[in-house]
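Notes follow once the structure below has been shown.
Protein chains: 2
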Amino acid sequence: MSEPGTRGGAQVHPFDDAIALAPRGGGTYTGATSPAYANMVGPYGGITAATLLEGVERHPERIGTPVSLTVNYAGPVGDGEFTVTARPARTNRSTQHWSVELTQDGVVVTTATAVYARRRDTWESTEAAMPDVPPPGDVLVSAMPDYVQWAKNYEMRYLEGPVPSLEGAGESADSTTTLWVRDAPARPLDFPGLTSLCDVFYPRVFLRRGQAMPAGTISLTVYFHADADALAAQGDRPVLARARANRFGRGYFDQSAFLWGTDGALLATTHQLVYFKG
Amino acid sequence: MSEPGTRGGAQVHPFDDAIALAPRGGGTYTGATSPAYANMVGPYGGITAATLLEGVERHPERIGTPVSLTVNYAGPVGDGEFTVTARPARTNRSTQHWSVELTQDGVVVTTATAVYARRRDTWESTEAAMPDVPPPGDVLVSAMPDYVQWAKNYEMRYLEGPVPSLEGAGESADSTTTLWVRDAPARPLDFPGLTSLCDVFYPRVFLRRGQAMPAGTISLTVYFHADADALAAQGDRPVLARARANRFGRGYFDQSAFLWGTDGALLATTHQLVYFKG
Numbered sequence: 001m002s003e004p005g006t007r008g009g010a011q012v013h014p015f016d017d018a019i020a021l022a023p024r025g026g027g028t029y030t031g032a033t034s035p036a037y038a039n040m041v042g043p044y045g046g047i048t049a050a051t052l053l054e055g056v057e058r059h060p061e062r063i064g065t066p067v068s069l070t071v072n073y074a075g076p077v078g079d080g081e082f083t084v085t086a087r088p089a090r091t092n093r094s095t096q097h098w099s100v101e102l103t104q105d106g107v108v109v110t111t112a113t114a115v116y117a118r119r120r121d122t123w124e125s126t127e128a129a130m131p132d133v134p135p136p137g138d139v140l141v142s143a144m145p146d147y148v149q150w151a152k153n154y155e156m157r158y159l160e161g162p163v164p165s166l167e168g169a170g171e172s173a174d175s176t177t178t179l180w181v182r183d184a185p186a187r188p189l190d191f192p193g194l195t196s197l198c199d200v201f202y203p204r205v206f207l208r209r210g211q212a213m214p215a216g217t218i219s220l221t222v223y224f225h226a227d228a229d230a231l232a233a234q235g236d237r238p239v240l241a242r243a244r245a246n247r248f249g250r251g252y253f254d255q256s257a258f259l260w261g262t263d264g265a266l267l268a269t270t271h272q273l274v275y276f277k278g
Numbered sequence: 001m002s003e004p005g006t007r008g009g010a011q012v013h014p015f016d017d018a019i020a021l022a023p024r025g026g027g028t029y030t031g032a033t034s035p036a037y038a039n040m041v042g043p044y045g046g047i048t049a050a051t052l053l054e055g056v057e058r059h060p061e062r063i064g065t066p067v068s069l070t071v072n073y074a075g076p077v078g079d080g081e082f083t084v085t086a087r088p089a090r091t092n093r094s095t096q097h098w099s100v101e102l103t104q105d106g107v108v109v110t111t112a113t114a115v116y117a118r119r120r121d122t123w124e125s126t127e128a129a130m131p132d133v134p135p136p137g138d139v140l141v142s143a144m145p146d147y148v149q150w151a152k153n154y155e156m157r158y159l160e161g162p163v164p165s166l167e168g169a170g171e172s173a174d175s176t177t178t179l180w181v182r183d184a185p186a187r188p189l190d191f192p193g194l195t196s197l198c199d200v201f202y203p204r205v206f207l208r209r210g211q212a213m214p215a216g217t218i219s220l221t222v223y224f225h226a227d228a229d230a231l232a233a234q235g236d237r238p239v240l241a242r243a244r245a246n247r248f249g250r251g252y253f254d255q256s257a258f259l260w261g262t263d264g265a266l267l268a269t270t271h272q273l274v275y276f277k278g
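Those protein sequence lines, which keep their order, are chains A and B. Just so you know, we're using full-length UniProt numbering here: the first sequence kicks off at 1 and counts up by one. Just so you know, we're using full-length UniProt numbering here: the second sequence kicks off at 1 and counts up by one.
Following this line, the structure appears as structure tokens:
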């Protein structure tokens with residue numbers, strides 16, 4: 001056994017420690033929640049999504065790279081050990097469809113589906129251009145409130161729509177947040193890292209209402225535009241992330257977001273449905 | 001046995017005929033493809049998504065109404081009979097998480113996950129306002145090319161981004177399509193009907209490139225903003241539907257779309273990842 005945060009004597013990034021899975025055969029793995037990525041109730045949703053993707057990434061039958069991922073948060077992940085099972089539901093010539101589940105004591109906690117593909121060169125075009133913003137070095141790093149444990153693993157530089165102060169910042173007419181963000185300490189971007197970043201936005205309803213309230217992601221979808229080359233080109237530099245909600249009502253709101261690389265490449269688009277009470 | 005298109009002597013809408021499922025016990029149903037909703041390869045993706053949702057709608061353990069649905073098209077649905085299996089993966093106090101599969105001869109053809117919820121009154125706000133467009137009666141109905149069988153079940157009135165002509169309409173710098181659309185013949189909107197409408201846009205790459213090419217939806221997500229009251233208020237009037245892609249590259253593009261009711265209520269937001277070759 002190695003100490004937490006080390007493997008074979010080498011220093012392990014807290015992110016890699018959090019998504020670490022031990023293979024138990026047949027597409028089944030065991031892992032454990034990491035206190036470093038704790039949220040209000042259970043872990044940060046992004047780390048859970050990354051862990052489910054990791055179950056596919058490590059699977060011996062995997063082909064290609066992820067193009068689509070949907071994670072459904074069925075219940076809170078309890079502190080401690082969990083089991084991840086990744087099953088290739090269907091493998092075609094160039095695409096592969098996955099069903100993934102996270103269970104604790106035999107109870108389903110999180111479900112996911114993913115599509116992997118062997119990508120090939122085609123015509124390309126990006127319509128969602130990166131907005132014109134100051135470079136990361138020109139924007140101050142700010143912290144979330146100290147009790148938001150998971151946020152300490154991200155270096156966040158808000159350009160608009162920062163976290164409303166606890167005293168109540170007043171309502172806002174627009175739910176847009178834009179920030180430069182990367183892992184802290186810096187970590188070269190890979191598919192689990194990008195997946196986790198897709199959930200980095202605090203709930204849009206906080207911004208609209210100017211206050212925190214109970215809220216949590218129910219379903220998260222990621223479309224991966226980046227391939228391995230795009231991730232390598234990005235490295236560990238900050239990603240520009242922008243999120244906005246479309247509709248709040250009857251207990252739920254949706255959110256759509258974009259993640260661009262430092263040089264303007266669209267790395268991912270991501271959408272989620274969020275429960276809220278207030 | 002009744003004749004196709006009739007049930008107990010009464011005329012059945014082709015949509016209801018297409019999504020009809022016969023319960024076989026244990027959350028399993030059998031259905032059959034409908035020639036009326038045929039697409040290039042297999043049925044129209046919207047009718048498959050609606051059929052999978054119907055498997056949950058008809059399940060005796062279902063609670064509430066849909067808030068989220070993701071459908072993964074793993075392979076083409078062959079003409080003829082299929083089996084739909086809907087399994088409640090987890091039921092909480094006010095939410096329920098579903099796993100759904102469509103199989104043919106024991107092979108997985110389509111997978112889906114859905115979240116249902118008992119909705120409750122909360123603060124509400126719509127940020128994605130309906131664009132200012134002429135009313136449906138002021139816009140001409142146009143048809144897709146005659147060989148697109150499924151499209152004959154929809155009355156489409158294009159406001160921008162119509163289907164490029166077969167002769168080649170030239171490239172377009174923007175992938176936006178906006179149309180008024182409803183079932184033909186008219187049919188009161190319900191959750192399967194709204195689900196099917198979410199896939200009504202022809203592939204965005206056709207518009208950008210000014211020509212048709214092989215393309216197909218790989219993954220479709222629907223966030224339902226409408227509850228039963230909103231659907232009843234909409235009735236069988238046209239829905240305003242607008243779609244746009246964010247990024248095309250290395251064999252795939254994504255699309256985000258909005259569906260508003262005639263009076264401006266946001267009924268659904270929907271996203272998809274699409275395979276293309278060209």
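Where is the CB? At the ideal position from N, CA and C, for every residue including glycine. Please read these numbers as outputs of a predicted model, since none were measured by experiment.
Does the distance from the CB of residue i to the CB of residue j come in under 7 Å?
i, j, result
"residue 203 of chain A", "residue 215 of chain A", "yes"
"residue 69 of chain A", "residue 117 of chain A", "no"
"residue 276 of chain A", "residue 205 of chain A", "yes"
"residue 256 of chain B", "residue 208 of chain B", "no"
"residue 150 of chain A", "residue 72 of chain A", "no"
"residue 195 of chain B", "residue 86 of chain B", "no"
"residue 178 of chain A", "residue 155 of chain A", "no"
"residue 100 of chain B", "residue 52 of chain B", "yes"
"residue 84 of chain B", "residue 55 of chain B", "yes"
"residue 22 of chain A", "residue 30 of chain A", "yes"
"residue 141 of chain A", "residue 181 of chain A", "no"
"residue 247 of chain A", "residue 270 of chain B", "no"
"residue 36 of chain B", "residue 90 of chain A", "no"
"residue 210 of chain A", "residue 170 of chain A", "yes"
"residue 201 of chain B", "residue 265 of chain B", "no"
"residue 231 of chain A", "residue 189 of chain A", "yes"
Taking the beta strand (DSSP E) that residue i belongs to, which residues open and close that run?
i, result
"residue 22 of chain A", "22-25"
"residue 36 of chain A", "Here residue 36 of chain A belongs to no beta strand (DSSP E), and DSSP marks it neither H nor E."
"residue 112 of chain A", "107-117"
"residue 32 of chain A", "28-32"
Starting from the beta carbon of residue i, find every residue of chain A whose beta carbon is closer than 8 Å, and list them in chain order.
i, result
"residue 273 of chain B", "67, 68, 115, 223"
"residue 256 of chain B", "256, 269, 271"
"residue 276 of chain B", "122"
"residue 174 of chain B", "127"
"residue 39 of chain B", "None at all; the shortest Cβ gap to chain A is about 18 Å."
Taking residue i as part of the alpha helix (DSSP H), name the residues at either end of that continuous run.
i, result
"residue 129 of chain A", "From DSSP, residue 129 of chain A is part of no alpha helix (DSSP H); its letter is neither H nor E."
"residue 134 of chain A", "Premise fails: residue 134 of chain A is in no alpha helix (DSSP H) and is neither H nor E."
"residue 16 of chain B", "14-18"
Mind pulling the chain B residues with CB within less than 8 Å of residue i?
i, result
"residue 239 of chain A", "Near residue 239 of chain A there are no residues of chain B at all, since even the closest Cβ is about 15 Å away, more than 8 Å."
"residue 178 of chain A", "Going along chain B, no residue has its Cβ under 8 Å from residue 178 of chain A, so there is no contact; the nearest lies around 15 Å."
"residue 208 of chain A", "125"
"residue 266 of chain A", "246, 247"
"residue 108 of chain A", "89, 90, 97"
Given that residue i touches chain B, what residues does it touch there, using C-beta distances under 7 Å?
i, result
"residue 121 of chain A", "250"
"residue 227 of chain A", "250"
"residue 19 of chain A", "The contacting residues do not exist; residue 19 of chain A stays about 21 Å from chain B at best."
Whose Cβ in chain B lies nearer than 9 Å to the Cβ of residue i?
i, result
"residue 153 of chain A", "Near residue 153 of chain A there are no residues of chain B at all, since even the closest Cβ is about 27 Å away, more than 9 Å."
"residue 142 of chain A", "Within 9 Å Cβ-Cβ: nothing; residue 142 of chain A doesn't reach chain B, min ~24 Å."
Taking residue i as the query, report the chain A residues whose CB atoms sit under 7 Å from its CB, ordered along the chain.
i, result
"residue 75 of chain B", "90, 92"
"residue 111 of chain B", "89, 97, 99, 113"
"residue 181 of chain B", "Ordered by position in chain A, no residue passes the 7 Å Cβ test against residue 181 of chain B, which lies about 19 Å from the chain."
"residue 63 of chain B", "Those do not exist, as residue 63 of chain B stays about 14 Å from chain A at its closest Cβ, beyond 7 Å."
"residue 165 of chain B", "Near residue 165 of chain B there are no residues of chain A at all, since even the closest Cβ is about 20 Å away, more than 7 Å."
Interface residues of chain A around residue i at Cβ under 9 Å?
i, result
"residue 245 of chain B", "125, 127, 128"
Unbroken stretches of the alpha helix (DSSP H), 4 residues or longer, contained in the UniProt domain "Acyl-CoA thioesterase-like C-terminal" (141-275) of chain A | 191-197, 204-209, 228-234
Could I get the ranges of all uninterrupted beta strand (DSSP E) runs contained in the segment 48-98 of chain B, with 3 residues as the minimum, in chain order?
-> 65-73, 81-91
Three or more beta-carbon pairs under 8 Å between the segment 59-66 of chain B and the segment 118-133 of chain B, yes or no?
-> yes
Are at least three pairs of beta-carbons, each pair with one atom in the segment 253-271 of chain B and one in the segment 219-232 of chain B, less than 8 Å apart?
-> yes
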